[in-house]
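Residue numbers (our numbering): 286 to 768. Glycine included, each C-beta is placed from N, C-alpha and C at the ideal position. Data first, discussion second: the structure below is written as structure tokens.
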Ligand SMILES: [Zn+2]
């Protein structure tokens, strides 16, 4: 029997288990046995031809099976097989940074660095001469910004266009309550400058895009990826490979994080690990799935540590190794990452030579598209005010809430029937086929999926409540808390 470790995004298909055992003489047989046990998992990890989908990597102990005998790799009793899907985070190395003189005040400020032989005056000067770009001033960007500023990195650029909101404060410790409503760039820059007045901060107030990424990246030695979505992950990767700049990567979800350094001196890139993004909607973002507030601190500080090591040129960089962190088990694991010779981005026969449309690549709508909130109510949708009027009139209809039970406990609309999205297909028999049905969730995305499932199952009168319970809170009942 081999043990198969199931990562958080796939646990919904394994009855919430994080580890299951399955038998088989090869990794392929173990996975086949596993998907017999959990049929819903099958279509998530295998394509129609029965091939493993490329956003999931399979490791036998710490080796990627693509570099062993793939599916035919022998599995013994006691082996651990890990499924590692991509979660919402090769060329010459950047020229060694110039050095910069330190003033008397700076020598005092950095004295605890200067007395470490591996850093010393020379190392501190390298830090001062270094130029680091933070992509995002959110959960990962917060600890990165604070510590890189304190450590004496001379120039830090930040790309961000967001404003601070109340839901950020649980983890984005660079912003304070009084900053809610301010630009994250201004709030972060102020804190960092307060810690270190010698720091030069460059604010890039824009959404990183294929049009501006190369232009922004070219002025920096190291790029630190603190983004929260797949299109930007691939964009950061490709721009780093094209420019030959190391990409210090971190990603987080609920209690788990990943970190590594991509595109460093012949090391692998993000596309070597994940040639394709997951299907849209399979891997929820932190906004949808949640994240332990402390987690980005841990992962962001691993990224900060790697950045400082790269600048100083000391230690063993996290290159060719994917560090996995599990906060619940309080365990770190390390998997080997290899450069894929067939990689379309950094392989010998590169097929991608310029930046592409990453939203299209990832199958998600571009943020430049008209915002949903301003769009007209389309067919199959209903406004929250109309639902309220139907309830007040006592109309005969069924209101279904497809959120999770723990969300229902935070707030709900009285009279709504709770059927979490994942249970809708199995619970269709509970619903009257001819009923007038209105479906809602938090913001309207999951309920749109549920409407699709219901219509496909032959329910003719199904409407999606536009904007979800958030819109309900805004426009019908302000006592309903937003989350
Ligand atoms: Zn690659």
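Non-local C-beta neighbours of residue 480 in its own chain, meaning closer than 8 Å and more than five positions away in sequence, comprise 431, 434 and 435, ordered along the chain.
Counting C-beta atoms within 10 angstroms of its own C-beta, residue 591 has 16 or more neighbours from the protein chains shown and is therefore classed as buried. For residue 693, the secondary structure class from DSSP, reduced to helix, strand or coil, is helix. Taking a 10 Å sphere around the C-beta of residue 577, we find 16 or more other C-beta atoms and assign the residue as buried. Note on residue 455: under 16 other CB atoms within 10 angstroms of its CB, so exposed under the neighbour-count rule. Inter-segment contact for the stretch 357-371 and the stretch 339-346 is present: three or more beta-carbon pairs are separated by less than 8 Å.
Beta-carbon to beta-carbon, residue 669 and residue 735 are separated by about 17 Å, too far to satisfy the 8 Å threshold.
Within the stretch 711-751, the runs of alpha helix (DSSP H) at least 4 residues long that lie entirely inside it are, in chain order, 730-741.
At least one heavy atom of ligand 1 lies closer than 7 Å to the C-beta of residue 625. When the five nearest sequence neighbours on each side are left out, the beta carbons in the same chain lying within less than 7 Å of the beta carbon of residue 754 are those of 696, 698, 725, 727 and 765, in order along the chain.
When DSSP states are grouped into helix, strand and coil, residue 372 belongs to the coil group. Distance from the C-beta of residue 630 to the nearest heavy atom of ligand 1 is below 7 Å. Rounded to whole angstroms, the Cβ separation of residue 340 and residue 370 is 6 Å, and the two are in contact under 8 Å. Here the distance from the Cβ of residue 556 to the nearest heavy atom of ligand 1 is below 7 Å. The DSSP assignment places 440-444 as complete runs of the beta strand (DSSP E) inside the stretch 434-468, in order along the chain (cut-off: 3 residues). Check the Cα spacing between residue 440 and each of 507, 393, 459 and 448: the tightest is with 507. Taking the CA atoms as reference points, residue 737 sits about 22 Å from residue 330.
Taken in chain order, the unbroken stretches of alpha helix (DSSP H) that lie wholly in the stretch 523-591 and span 4 residues or more are 555-558 and 571-574. When secondary structure is reduced to three states using DSSP, residue 291 falls in the coil class, being assigned neither helix nor strand. Between the beta-carbon of residue 637 and that of residue 629 there is about 5 Å, and that keeps the pair under the 8 Å contact cut.
Note: residue 348 is bridge-paired with 345 in the DSSP secondary-structure output. Out of 711, 707 and 740, the CA that lies nearest to the CA of residue 723 is found in 740. In this structure, residue 553 has its beta carbon less than 7 Å from a heavy atom of ligand 1.
In the DSSP assignment, the residues bridged to residue 666 are 749. Residue 760 and residue 684 have their C-alpha atoms spaced approximately 18 Å apart.
In the three-state reduction of the DSSP assignment, residue 307 falls in the strand class, which pools E and B. Counting along the chain, residue 312 sits inside the alpha helix (DSSP H) bounded by residues 312-322.
For residue 756, the secondary structure class from DSSP, reduced to helix, strand or coil, is helix. The way I'd put it, the stretch 570-587 doesn't touch the stretch 397-414; fewer than three beta-carbon pairs between them come closer than 8 Å. With respect to the 8 Å criterion, residue 414 and residue 385 are classified as neighbours on the basis of their beta carbons. Spatial neighbours of residue 667 in its own chain (CB-CB distance under 8 Å, excluding positions within 5 residues in sequence) are listed in chain order as 723, 748, 749, 750 and 751. For the set 553, 613, 471 and 547, the Cα lying nearest the Cα of residue 539 is the one of 613. DSSP places residue 619 in no alpha helix (DSSP H) but in the uninterrupted beta strand (DSSP E) bounded by 616-621. Every beta strand (DSSP E) of 3 residues or more that sits fully in the stretch 474-518 is shown, in chain order, as 485-489 and 507-510.
With a threshold of 16 other beta carbon atoms within 10 Å, residue 304 falls short and is exposed. Spanning the alpha carbons of residue 645 and residue 515 requires a straight line of approximately 11 Å.
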